[in-house]
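Notes to accompany the following structure.
In the working numbering, the protein residues as written are 10 to 89.
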């Protein structure tokens with residue numbers, strides 16, 4: 010089940026199955042390796058989402074600055 014969930018992109022859900030497997034079979038190396046891989050994937054997804062959010066915030070900030078600059082120039086009569 011853990012492998013199926015991981016293959017379908019449900020990394021967090023698959024981790025709980027790998028952890029349960031390791032509770033019953035602590036020395037089962039394939040489960041330990043896959044759990045580590047799933048945790049890495051989850052961390053990378055989190056980092057990517059955070060980066061995308063920061064990039065979006067930066068674009069919005071720059072757009073607002075451009076808007077303010079345009080309005081300021083308009084008040085000064087640069088577009089008459």
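Glycine included, C-beta positions come from ideal geometry on N, C-alpha and C.
For the alpha helix (DSSP H) that residue i lies in, which residues bound it at each end?
i	result
residue 58	38-84
residue 27	20-33
Between which residues of its own chain and residue i is the CB-CB distance below 8 Å, once the five residues before and five after are set aside?
i	result
residue 44	24, 27, 28, 31
Are the beta-carbon atoms of residue i and residue j separated by less than 8 Å?
i	j	result
residue 21	residue 51	yes
residue 15	residue 47	yes
Count the other C-beta atoms from every protein chain shown that fall within 10 angstroms of the C-beta of residue i, then say buried if there are 16 or more, exposed otherwise.
i	result
residue 72	exposed
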